[in-house]
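Chains A and B, in that order, give the protein sequences. For the first sequence, position 128 matches number 127 in numbering that gives the first Met the number 0, and the numbering has no gaps at all. For the second sequence, position 306 matches number 305 in numbering that gives the first Met the number 0, and the numbering has no gaps at all. Just so it is clear, CB atoms sit at the ideal spot from N, CA and C, and this is done for glycine as well. Bear in mind that the values here come from a model prediction, so they are computed numbers and not experimental data. Read the structure below first, then the notes.
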Amino acid sequence: MAAPLLSVRDLIVEFPTRRGTLRALDRVSFDIAEGEVLGMVGESGAGKSLTGAAIIGLLEPPGRIAGGEIWLRGERIDNLPREKMRRVRGRRIGMVFQDPLTSLNPLYTVAEQLIETIRTHMDLSEKEARARAVGLLDRVGIPAAARRIDDYPHHFSGGMRQRVVIALALAAEPELVIADEPTTALDVSVQAQIIDVLKEICAERGASVMLITHDMGVIAETADRVAVLYAGRLAEIGPVRDVIQAAEHPYTAGLMGSIPTLTQTAERLTQIPGSMPRLNAIPQGCAFNPRCPKVFERCYRDQPNLIARADGRHVSCWLYDAQEKEVSHG
Amino acid sequence: MTAFILRRLAQSVIVMLTVALVAFALFRFVGDPIASMVGQETTLAERAEMRAALGLDDPFLVQFWNFIARAVTGDFGISYRLQQPVMELILSRLPATLELALVSGIMAFVFGVGFGVYTALRRGGWLSSTIMTVSLIGVSLPTFLIGVLLIWVFAVELQWLPSFGRGDTVYVGDWWRTGLLTESGRASLILPAITLGLYQMTLIMRLVRAEMLEVLRTDYIKFARARGLSNRAVNFGHALKNTLVPVITITGLQLGSIIAFSIITETVFQWPGVGALFINSVRFVDVPVMAAYLMLIALVFVVINLIVDLLYYAVDPRLRVDRANARH
């Protein structure tokens, strides 16, 4: 397998607070290959968005990367000086946010925002940048792009605005696009369109995607691989079909069991008892141990590491430790 | 757009009529003007004659109508005290006040926005903390005290700047006497302008800071950063512009109060403006001057409000559409 585009190794994100340091991400490791779509799922507060923010270097203070490394095509980016990191943002890593209604500056036209972004990263004249902007809008499916480009964000509907946001995120041809719940704020009817546009345009430009969502349906249809986060720790990562159909981590299994399917005839959906622990109350050992149906003595004592399984799957659960070797990190 | 301006103009007329009523009521309730105009030997008959000559025994509505009709043409009568047309008096004093108000308004806006942005971006820095602390003094010290302190430091102790008056003035046009073109005029302007503008500056600064912090937390600023725009473009292009919408309102209204509250500063610095004229008029119950001053200040506020509303249009595109849609 070729070298991955993005490689996250043992990423630790901490928030110093008055009552001690909270560890919001604990030794999270994963790769994204060239052109791959990696889905990132988990409950609210599991650390999905935080992972995205850490990669693009926009953690909100006082949050900070306390350990680990982030590599983008062989170059370490988690410790770049501010100005260099700024040039990575937009140019090499694009980001799409959740709410298109608030992602665009209301006081500037779409053209102004696009052209500003393009010219920040590319050596183009105003005219060339504008032509490029129109092309982008056209590509993301804005009808009559050449005319509508001079409209203000409030002239567009939510779905159209998210298309504009995608155009902005892709304006400078980034190699990686981090989409943080890109459809959560949209009507169900336009969600699929937006996902399609995002997927198509990234595929056509060879950009990899990190798709953060809690919608397993979107993941199942879009992602190549999926990573499951629980309480700031990676529970399981693997090809999307395998993980959905044969989850290995008890948490993932519970998560999949709680999703209704059309063919299912069960009376009740399974649910995982309890709720995810708060960051200041993560139990010793495995974070999932109070809720795990298969918990045993070791889970209360040691924190499991990612264990490699067949077909490029990894799971952090002691159930699979038997004689497997641990994945080496770094 | 035109409909909006017309509507605002109509509202302005109503405001001005209301103020006119209050101003006119002054004539009836603030002492008897005849008493302050005549000596002790004047007979009752002479007083009645005078009252009739000045139209003071007409019915209320007639008097009010006459007042408005004359006010519209700029005729506010003759000052009881100085025996000159009120309009002439005010116009001769107005440039001094306007220059003072404008200079201190600009100072307040420029430094207010500058410090506000700085303290918002460098939150927690020692300079920001110093500015914020000093600004508390600006907010809490009364204007006259600031004026007196400034006089003491810069005029009495250091002797850098004059402590009173306007310095030398020259005429620009027929009636505009300006102090801005002479050195002593400019020197004389500094202390009063600081005194008058300090409070407004701290107010604008604190407002800009609060708004800026708010805007910096919004999604579109995060998205702008995620697109790799430079700090400069994000902070000044995107954040500051969004900050300015509420700041314009406050600044506009503050400009009105700068003109209105120049009374105190003008008194402290013996500045020959309309504020000082007003204070003297109050002392001598010179009602025509007081009434005219009241109308003038109301007019200033109304005009500034109108300008502020129009500025909204320039800054915020959402308003343009909403109004257009509302009309269709």
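Asked	Found
For the region 155-189 of chain A, list the alpha helix (DSSP H) runs that are entirely contained and at least 4 residues long, ordered along the chain.	157-168
For residue 33 of chain A versus residue 207 of chain A, is the C-beta spacing smaller than 8 Å?	yes
If I measure Cβ to Cβ from residue 131 of chain B and keep anything under 7 Å in the same chain, skipping five residues before and after, which residues do I get?	118
Helix, strand or coil, according to DSSP, for residue 321 of chain B in the structure here?	Model confidence at residue 321 of chain B stands at a pLDDT of 49, short of 50, so the residue's coordinates are unreliable and nothing is read from them.
Determine, for residue 245 of chain B, whether the minimum Cβ-Cβ distance to residues of chain A falls below 8 Å.	no
So does the region 18-35 of chain A actually touch the region 47-59 of chain A, counting three or more Cβ pairs closer than 8 Å?	yes
Considering only residues of the same chain and omitting the five flanking positions on each side of residue 54 of chain B, which have a CB-CB separation below 7 Å?	62, 65
Going along the chain, which residues of its own chain have a beta-carbon closer than 7 Å to the beta-carbon of residue 270 of chain A, five neighbours each way excluded?	257
In chain A, which residues lie with their C-beta within 8 Å of the C-beta of residue 198 of chain B?	Per Cβ cutoff of 8 Å: no residues; residue 198 of chain B is ~29 Å from chain A at best.
Exposed or buried, which one is residue 40 of chain B when buried takes at least 16 other CB atoms within 10 Å?	exposed
Just to confirm, is the Cβ distance from residue 399 of chain A to residue 306 of chain A under 8 Å?	Past the edges of chain A, shown from 0 to 329, lies residue 399 of chain A, and the structure says nothing about it.
Please list, in chain order, the residues of the region 146-171 of chain A that have any C-beta partner in chain B closer than 8 Å.	151, 153, 154, 164, 167, 168, 170, 171
Apply the 10 Å Cβ neighbour rule to residue 160 of chain A and answer buried if 16 or more other Cβ atoms are within range, or exposed otherwise.	buried
Is the number of C-beta pairs between the region 146-155 of chain A and the region 172-181 of chain A that are closer than 8 Å three or more?	no
Could you please give me the residues that DSSP links to residue 30 of chain A through a beta bridge?	A/6
Which residues, in order along the region 95-114 of chain A, keep a beta-carbon less than 7 Å from a beta-carbon of chain B?	96, 98, 101, 102, 103, 104, 105, 106
Using C-beta distances below 6 Å, list every residue in its chain close to residue 285 of chain B, excluding the 5 sequence neighbours before and after it, in chain order.	78, 79, 80
So is residue 223 of chain B in contact with chain A if we call contact Cβ pairs under 8 Å?	yes
Identify, in the order they occur along the chain, each residue of the same chain with its Cβ nearer than 8 Å to the Cβ of residue 269 of chain B, setting aside the five sequence neighbours on each side.	163, 164, 275
Looking only at its own chain, which residues have a Cβ that is under 7 Å from the Cβ of residue 259 of chain A, when we skip the five neighbours before and after it?	268
How would you label residue 102 of chain A, buried or exposed, when you count the other beta carbons within 10 angstroms and need 16 or more for buried?	buried
Taking a contact to mean a Cβ-Cβ separation below 8 Å, would you say residue 141 of chain A touches residue 128 of chain A in this structure?	no
Within the same chain, show all residues whose beta-carbon is closer than 7 Å to that of residue 289 of chain B, passing over the 5 residues directly before and after it, in chain order.	25, 277, 280, 281
Below 6 Å CB to CB, which residues in the same chain sit around residue 323 of chain A once its five sequence neighbours on both sides are set aside?	Bear in mind that a pLDDT of 42 at residue 323 of chain A, under 50, signals an unreliable position, so the number given afterwards is only what the model happens to contain. Closer than 6 Å at the Cβ level, and outside the excluded window around residue 323 of chain A, lie 306.
Using a Cβ-Cβ distance cut-off of 8 Å, determine whether residue 241 of chain B contacts chain A.	yes
Select from B/161, B/317, B/37, B/4 the residue whose C-alpha is nearest the C-alpha of residue 283 of chain B.	B/37
Work out the CA separation of residue 120 of chain B and residue 231 of chain B for me, nearest whole Å.	11 Å
Going by the beta-carbon positions, is the gap between residue 207 of chain B and residue 248 of chain B smaller than 8 Å?	no
I need the DSSP call for residue 213 of chain A, collapsed to helix, strand or coil.	coil
Enumerate in chain order the residues of its own chain whose CB-to-CB distance from residue 311 of chain B is below 6 Å, with the five nearest sequence positions on each side excluded.	318
Less than 8 Å between the beta carbons of residue 187 of chain A and residue 162 of chain A, yes or no?	no
Using DSSP bridges, identify the partner residues of residue 70 of chain A.	A/6, A/75
Quick one, which residues of the region 49-72 of chain A are near chain B if we go by CB-CB under 8 Å, in chain order?	55, 57
Which value, in whole angstroms, describes the spacing of the CA atoms of residue 308 of chain B and residue 152 of chain B?	41 Å
Using a C-beta to C-beta distance shorter than 7 Å, which residues of chain B count as neighbours of residue 248 of chain A?	Result: empty, since nearest Cβ-Cβ is about 31 Å, beyond 7 Å.
Reducing DSSP to helix, strand and coil, say where residue 39 of chain A ends up.	strand
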